[in-house]
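So the protein lines, in turn, are chains E and B.
Everything in the first sequence is counted per UniProt numbering, starting at 1 for the first residue and increasing by one.
Everything in the second sequence is counted per UniProt numbering, starting at 1 for the first residue and increasing by one.
Glycine is no exception: its CB is placed at the ideal position from the N, C-alpha and C atoms.
Nothing here was measured: the structure is a model prediction, and the numbers come from that model.
First the structure, in the form of structure tokens, and then the observations on it.
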Amino acid sequence: MAPALCAICKTERANIKRPKNHARVCKGCFLTLFEEEVHHTIVSSNLFYPGERVAIGASGGKDSTVLASVLKTLNERYNYGLELVLLSIDEGIKGYRDDSLETVKRNAVQYDMPLKIVGYDELYGWTMDQVVETIGKKGNCTYCGVFRRQALDRGAKMLDIKHVVTGHNADDVAETILMNLLRGDMGRLARSTNIVTGDDSSDVKRSKPLKYAYEKEIVMYAYHKKLDYFSTECIYSPEAFRGTARALIKQLERIRPSAILDILRSGEDMARLVPGESASSCGCKGKSKPPAATAAEDDGGIGGCGSNGAASGNEMAAMEKQLRENEAAEELEVDVSKLSLAGRAAESETDGAVPLKTNKNSKPVTRQTLGNCKRCGYMSSQEVCQACMLLEGLNKNRAQIQI
Amino acid sequence: MASTSPPSTSSPAAMSSTTTTATTATAKPCIKCRSNPGTLDSRGQLVCHICFQKFISQKCIKQIGLLNKDVRSSSSQSLSAYHLSQKNSGPPQASSRRYLLGLSLGASSAALLELLNENVEFQLSKGRNAPFELEVVHVSCAAGAGADGGGGGGGLEDDGKGRTTTEREKVEEVVLKRLGGRYPRFEFRVVYLEEVVGLETVDWEGLGLEDFAGSSSTSTTTKAEKLQQLFDNLPSTTSRTDLLRLFTRHLLIAEARKSHCHALLLGSSTTALAELTLSETAKGRGFSLPWQINDGVLGVPSFSPSSSPSPPSSPADAGKKTKMEETGMLVYHPLRDALRKELVTFTKLAGQPTPIAELLPETDSFTTTAAVVSHKDLSIDEVMVRYFAEVEENYPSIVANVARTTGKLMRLFGGAGVADGDGDEEGGGKAVGEDGSEDNDEERLCGLCSMPLDVLGDERWKGELGEDSYRDALVVDKGAKRMKQRICYGCERSIRG
Ligand SMILES: [Zn+2]
Ligand SMILES: [Zn+2]
Ligand SMILES: [Zn+2]
Ligand SMILES: [Zn+2]
């Protein structure tokens, strides 16, 4: 059989089958298509303004490396006028970050972009290795995730940059949508679909220009562009809901390649159906409302570690338990004299989300009202932000050990 | 759950697939009645068979009560007098309610059949009138594979492809006869899937299937052939499974309308609704989930073919050519609060003299895949069924929570807000009005799945992803542009791939 020709240029050999829609194209056309699609996303969402300083959350992994490469290309091709900076977080995990940070350093040279590396020790007084030493391997993904989310914003602040872009791809977003469906958390589902998280009222705007890009195409792009990236899986496994959603996504994609995009479409539409949720995905309408999403809800997604902050080993089991308690409490509520605390929590629930205890000493989350952390001033839906809570625990632990 | 211990069960054979609880179980009494031995683990509680059946029954009765009320109020009678609690003022007037039950012959809808019968018998035993009349319709997907004469009592060929399908029909016949004998009060009927061909609730023209429209009078054989052809041309197993589900519902609604039923009852369990939530999300139909998951009135479109035979000149014209009229049908899921595994257990316990499960076909060979769907690969629907079977085992409350929270989403029309007086959607509504205000006063339903079209969502998506000129350059599909106006995103995906 004669080799098929590229469906776009009709001259080159079609040696690539696009994972997204199985179109057969040549290498050159694939690279261009990929870039143009990201460009379309950027333009249609009004992601940047000329002269804007933008920090790219860079882990050295494929997603953020491709993001940096594509943004550089598009910035030059379309004169975005952006000042791009690489921002990396050093969690302080020996052997894990060393290599990836070396990659980022090379990227900085390759793309001619300034690089800022912020360490956990610098930000929190703890490296991840020290955290693991203190609390053990179990549950440390929580710390890693919570710390990382803030780390990017804090790092950006140090650089006086107000916009951080992350390498979240379509698979990540689809995964988050399914995960929140499973958790019954419609509010978070709605917020997670937005390309921009955080708005005018938050200090640092976050966005994901690769929102519609398939992970497989990102890998393909990196490969054909011969990008220098560090490939490693997160050494900590994701918690149950995300893990299960991820497995589903992979299976669905095999059955119907468009499924990932279709889930995004569903998620964006459903976001408009959540009572009291901001309907816009462009983030331009939400001025009178709470931010589209708090950065604190959005995992960093730059290290491949998709933790979302469950303290217990099995979030599903914890939620199952909580739900059963709520059910039992609801039954009890008929008897007014026996109004239980859990029952009241369930009653006050507005968007159907189950108040999940993320920590023994934290109260169940009921309503997302946004304020600032009493201790560090970071945007938080609780009096004390998650990071400060975790730090408090850690520091207590350290004090005890020292005694 | 689903772990039962059958020491004193009246139907040991039916319990074979369930596992026994710990040996200590026999010693402990049922947590509810505190007298019978606890033999079943129901949502973490040890209960007896009687209390378990009561538990399921109550969940169903609660929904039926809501439905009965809904039917009363929608028939625009004075509401004040009607409270359906049993202690209320004497026997009500002759029952005017008429429901249609969609019976798949799986455990859930069979459980619903049994529960509805119980409900009627209970009322009658109290000297009241039957609360409703019930018609039971099974949509048979048996025909269609190959040229085996198809529907009804057609010739039974025992060779090649034809055999399996007619086997299936034979099984259906036997099972329905048994059920008819068990529930003589209700009327049982079979409808063949090919009867969907020509049904005016589907916009055949909009689907590019002009020869399906108006062919309602053609022979069953021709219809079966047409349908098979359509299924053969669908891009994937997921698409075939999807259309099978949609066509089944079209037929049930058509039957319900034909016999002037007030509502269509479906046996969907909590688990089924959770599956539906995720599979429809994965198929791009998130927008219509609030319609699909909740109980209430669903729009039923009726498409009359355009008289002009000339093809539409531009895509924009296409949507206006066919006339669509809309009526409504109440659709209820009375078992929405019961898990599938609970209903499976229920069918093994409930029913006199033998448990209803023994009247049903063997599940593996029967309920899984219809003849029109190939067996080659899994569909998205099947992936979700398998997934939730697993989740249900260990996290039943999580399953229940999925359906419950999804049900809280608002129902919107055309992407513009109509729900709950919430100002948030105002901007969206305006955006629709700005262009093509004519289209706006007409609430269009999808030509395939009958769910409201999401005009705003379609526009936004187009904006976000671009015109998809690359795909248009790759996919040679003349009908594609025309279709866009008439069917929803998910249906377009099913048809085009
Ligand atoms: Zn080419
Ligand atoms: Zn803080
Ligand atoms: Zn009992
Ligand atoms: Zn549709």
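Assigned secondary structure, residue i (DSSP; H/G/I helix, E/B strand, else coil)
i, result
"residue 45 of chain B", "strand"
"residue 494 of chain B", "helix"
"residue 323 of chain B", "strand"
"residue 225 of chain E", "coil"
"residue 197 of chain E", "strand"
"residue 343 of chain E", "Residue placement at residue 343 of chain E is flagged as unreliable, the pLDDT there being 37, under the threshold of 50; the coordinate-derived value follows with that caveat. Correct three-state label for residue 343 of chain E: helix."
"residue 452 of chain B", "strand"
"residue 290 of chain B", "helix"
"residue 57 of chain E", "strand"
"residue 298 of chain E", "Note that residue 298 of chain E has pLDDT 43, beneath the 50 cutoff, so the model's placement of it is unreliable and no number is given."
"residue 161 of chain E", "coil"
"residue 487 of chain B", "coil"
"residue 54 of chain B", "helix"
"residue 91 of chain E", "coil"
"residue 171 of chain B", "helix"
"residue 333 of chain B", "coil"
"residue 40 of chain E", "helix"
"residue 84 of chain B", "Residue placement at residue 84 of chain B is poorly supported in this model, since its pLDDT is 34, which falls under 50; the coordinates are not used for a value here."
"residue 190 of chain B", "strand"
"residue 397 of chain E", "helix"
"residue 404 of chain B", "helix"
"residue 189 of chain E", "helix"
"residue 135 of chain E", "helix"
"residue 24 of chain E", "strand"
"residue 81 of chain E", "coil"
Environment of residue i [buried if 16+ CB atoms lie within 10 Å]
i, result
"residue 113 of chain B", "buried"
"residue 22 of chain E", "exposed"
"residue 399 of chain B", "buried"
"residue 4 of chain E", "exposed"
"residue 410 of chain E", "No answer is possible for residue 410 of chain E: the residues shown for chain E start at 1 and end at 403."
"residue 98 of chain E", "exposed"
"residue 348 of chain B", "buried"
"residue 492 of chain E", "Residue 492 of chain E falls outside the range modelled here, since chain E spans only 1 to 403, and no answer is possible."
"residue 272 of chain B", "buried"
"residue 390 of chain B", "exposed"
"residue 112 of chain E", "exposed"
"residue 184 of chain B", "exposed"
"residue 322 of chain E", "buried"
"residue 33 of chain B", "exposed"
"residue 174 of chain B", "exposed"
"residue 37 of chain E", "buried"
"residue 99 of chain B", "buried"
"residue 460 of chain B", "buried"
8 Å Cβ cutoff met for residue i and residue j
i, j, result
"residue 159 of chain E", "residue 116 of chain E", "yes"
"residue 67 of chain E", "residue 88 of chain E", "no"
"residue 41 of chain E", "residue 221 of chain E", "no"
"residue 411 of chain E", "residue 42 of chain B", "This structure does not reach residue 411 of chain E, given that chain E is present from 1 up to 403, and the question cannot be answered."
"residue 92 of chain E", "residue 49 of chain E", "no"
"residue 359 of chain B", "residue 101 of chain B", "no"
"residue 256 of chain E", "residue 236 of chain B", "yes"
"residue 167 of chain B", "residue 190 of chain B", "no"
"residue 281 of chain B", "residue 186 of chain E", "no"
"residue 134 of chain B", "residue 332 of chain B", "no"
Residue i beta carbon near ligand 6 (any heavy atom closer than 7 Å)
i, result
"residue 8 of chain E", "No copy of ligand 6 appears in this structure; the ligands present are ligand 1, ligand 2, ligand 3 and ligand 4."
Next item on the list: With 8 Å as the limit, tell me which residues of the region 312-328 of chain E have their beta carbon closer than that to any beta carbon of chain B; keep them in chain order.
Entry: Residues of the region 312-328 of chain E with a C-beta atom less than 8 Å from some C-beta of chain B are 316, 317, 319, 320, 323, 324 and 327, listed in chain order.
Check: Looking at chain E, which residues of the region 289-308 of chain B have a Cβ within less than 9 Å of any of its Cβ atoms?
Finding: Of all residues in the region 289-308 of chain B, those with a C-beta nearer than 9 Å to a C-beta of chain E are 289 and 290, reading in chain order.
Checklist line | Contacting positions in the region 215-236 of chain B - beta carbon closer than 8 Å to chain E | finding: If the cut-off is 8 Å between Cβ atoms, the region 215-236 of chain B has 236 near chain E.
Next item on the list: Just jot down, in chain order, the residues whose CB lies closer than 6 Å to any heavy atom of ligand 3.
Entry: The answer, residue by residue, is B:30, B:32, B:33, B:36, B:47, B:48, B:50 and B:51.
Notebook entry, point to check: When Cβ atoms are compared, which residues of the region 67-90 of chain E fall closer than 8 Å to chain B?
Noted result: The region 67-90 of chain E vs chain B, Cβ under 8 Å: nothing.
Note to self: Output needed in chain order: residues of the region 268-289 of chain B with a Cβ under 8 Å from some Cβ in chain E.
What the structure shows: Hits within the stretch, in order: 277, 278, 280, 281, 282, 283, 284, 285, 286, 287 and 289.
Check: Which residues count as close to ligand 2 when the rule is a CB under 5 Å from any of its heavy atoms, in chain order?
Finding: Here the residues close to ligand 2, judged by CB distance below 5 Å to any of its heavy atoms, are E:373, E:375, E:376, E:378, E:385 and E:388 in chain order.
Item checked: Under 8 Å (Cβ pairs) to chain B, residues found in the region 267-278 of chain E -> Residues 267, 268, 269, 270, 272, 273, 274, 275, 276, 277 and 278.
Note to self: Beta carbons nearer than 7 Å to chain B: which residues of the region 199-225 of chain E have them?
What the structure shows: Listed by position along the chain: 212.
Check: Which residues, in order along the region 181-197 of chain E, keep a beta-carbon less than 7 Å from a beta-carbon of chain B?
Finding: Across the region 181-197 of chain E, CB contacts with chain B closer than 7 Å involve 181, 182, 184 and 186, in sequence order along the chain.
Next item on the list: For the region 91-106 of chain E, enumerate the residues whose C-beta is nearer than 8 Å to any C-beta of chain B, in chain order.
Entry: Correct list: empty, as no residue qualifies.
Check: When you check each C-beta in the region 385-404 of chain B against every C-beta of chain E, which residues fall closer than 7 Å?
Finding: Within the region 385-404 of chain B, the residues whose Cβ lies closer than 7 Å to some Cβ of chain E are 387, 395, 397, 398, 401, 402 and 404, listed in chain order.
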